[in-house]
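Sequential numbering from 0 applies to the sequence shown in numbering that gives the first Met the number 0.
Note that beta-carbon positions come from the ideal geometry of N, C-alpha and C, so glycine has one too.
Predicted, not measured: the structure shown is a model, and the values here were computed from it.
Input: a single structure, listed below in structure tokens.
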Amino acid sequence: MQAQPLEAAKTAAKGYARAVKELSFKEYSEMFMAV
0 MQAQPLEAAK TAAKGYARAV KELSFKEYSE MFMAV
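Written as structure tokens, this is what we have:
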């Protein structure tokens, strides 16, 4: 019963981490292009 919410939380955390990584990479590349 506890495995289901745990898996959902892990999936959400993975998606969030990926979004943050992509966002920071995008901002970093934009900053690099601006220099």
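When the Cα atoms are used, alanine 16 and methionine 32 turn out to be separated by approximately 24 Å. Glutamate 26 and threonine 10 have their C-alpha atoms roughly 24 Å apart. The DSSP-derived three-state label of valine 19 is helix.
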